[in-house]
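Engineer:
In this note's numbering, the protein residues as written are 310 to 611.
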């Protein structure tokens, strides 16, 4: 694994790009382990760990469809460039009216390329769907969004993911986190990045105490190693669910600043937490450990 962080083509609020080195440093896997990610989101963590075997899952069918189309060869760097060049010109001429034309078209036809276009031209790079599973993020008001350099950047991101998929054995599944966690064997590794309870809702559905409890129960029933990303505290309050539900886990903390948010007031520093069911050793960052009862595993990185 290289130290450079690969940025995926789909942007999602709360993306873990800056946390990838810390997460990657503390992953405990063997070469034949299956990386299991029940909340794929952008895929940034798994793409940078680059396991040979992986199951990327999400309840959002549009994210899964996008990456499956890359896997099948229907979405390629060439088709992405041609599409964004053509649609970018239309956006420049039609501005907000054309953005909403594409949004309406996507909500009817669900074309993965329209999804990419909306994701890169909507307000603040957000992904959000209403109860009818329609993309409902407003326009970002940048008619010249798709410059030549910006399109090349996106094309390169697609090419990087395409290369990863081609040289590894990866599945992309649209299903619940319970189903995905249930697929894990003892030798596998589960990484979970659920919506952060008590802070916001995710790009697809709300997330509440029942969901957090169900996730805990599913993970506690597995024999696989797991790591979960969540928030620990900010200057206003702490995440009480860490002690209520995850008290038996090891905890690593790290300061992080979110730049993506609907309101500037919500873009504040937050202390992130990584929770594991195994002992973590040897990290180079400024970490805080909680001494909990846990088994000591070999922490050789993949």
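Glycine included, every Cβ here is placed at the ideal spot set by N, Cα and C.
Using a threshold of 9 Å, state whether the C-beta atoms of residue 461 and residue 366 are closer than that.
Structural biologist: Against a cut-off of 9 Å, the Cβ pair of residue 366 and residue 461 comes out as no contact.
Engineer: Quick one: what's residue 542 bridged to in DSSP?
Structural biologist: 547 and 580
Engineer: Report yes or no: do the segment 523 to 531 and the segment 471 to 491 share at least 3 C-beta pairs separated by less than 8 Å?
Structural biologist: yes
Engineer: By Cβ distance below 6 Å, which residues in the same chain neighbour residue 591 in space, the five residues on each side in sequence not counted?
Structural biologist: Interpretation of residue 591 is limited by its pLDDT of 48, a score under 50 that renders its predicted location unreliable; the figure taken from the coordinates is listed afterwards. Around residue 591: no qualifying Cβ.
Engineer: For residue 557 and residue 352, I'd like the C-alpha separation in whole angstroms.
Structural biologist: 27 Å
Engineer: Look at residue 316 and residue 466 and say whether their C-beta atoms are less than 9 Å apart.
Structural biologist: yes
Engineer: Which value, in whole angstroms, describes the spacing of the CA atoms of residue 537 and residue 335?
Structural biologist: 12 Å
Engineer: Use the C-beta contact count for residue 322: other C-beta atoms within 10 angstroms, 16 or more gives buried, fewer gives exposed.
Structural biologist: buried
Engineer: Does the separation of the CB atoms of residue 496 and residue 343 fall below 9 Å?
Structural biologist: yes
Engineer: In terms of alpha-carbon separation, which member of 580, 531 and 429 lies closest to residue 544?
Structural biologist: 580
Engineer: Any chance the segment 407 to 417 sits against the segment 425 to 432, with 3 or more Cβ pairs inside 8 Å?
Structural biologist: yes
Engineer: Please classify residue 473 as buried or exposed, where buried requires at least 16 neighbouring CB atoms within 10 angstroms.
Structural biologist: buried
Engineer: Return yes when the Cβ of residue 584 is within less than 9 Å of the Cβ of residue 539, no when it is not.
Structural biologist: yes
Engineer: The beta strand (DSSP E) spanning residue 346 covers which residue range?
Structural biologist: 343 to 346
Engineer: Taking the runs of the alpha helix (DSSP H) that are 4 residues or longer, which of them lie wholly in the segment 393 to 481?
Structural biologist: For the segment 393 to 481, whole alpha helix (DSSP H) runs of length 4 or above, ordered along the chain, are 421 to 430 and 457 to 476.
Engineer: Distance check for residue 492 and residue 440, CA to CA, integer angstroms please.
Structural biologist: 28 Å
Engineer: Rounded to a whole number of angstroms, what is the C-alpha to C-alpha distance between residue 392 and residue 375?
Structural biologist: 14 Å
Engineer: Return yes when the Cβ of residue 432 is within less than 9 Å of the Cβ of residue 446, no when it is not.
Structural biologist: Closer than 9 Å, so yes.
Engineer: Under a Cβ-count criterion, where at least 16 other Cβ atoms within 10 Å of its own Cβ denotes burial, should residue 553 be classed as buried or exposed?
Structural biologist: Classification for residue 553: exposed.
Engineer: Check this for me: beta carbons of residue 349 and residue 481, under 9 Å apart or not?
Structural biologist: yes
Engineer: Our contact map puts residue 499 next to residue 528 with C-beta atoms below 8 Å; I'd like the distance itself, whole angstroms only.
Structural biologist: 7 Å
Engineer: Of the choices 582, 324, 589 and 564, whose alpha-carbon is the least far from that of residue 435?
Structural biologist: 324
Engineer: Let me check understanding here. Comparing Cα to Cα, which of 563, 369 and 314 lies closest to residue 437?
Structural biologist: 369
Engineer: Round the Cβ separation of residue 319 and residue 389 to the nearest angstrom and send it over; I've been treating them as touching at under 8 Å.
Structural biologist: Distance from residue 319 to residue 389 at the Cβ level is roughly 12 Å; contact not present, criterion being Cβ atoms closer than 8 Å.
Engineer: Quick check: what's the CA-CA separation for residue 449 versus residue 400?
Structural biologist: Rounded to whole angstroms, the separation of the alpha carbons of residue 400 and residue 449 is 11 Å.
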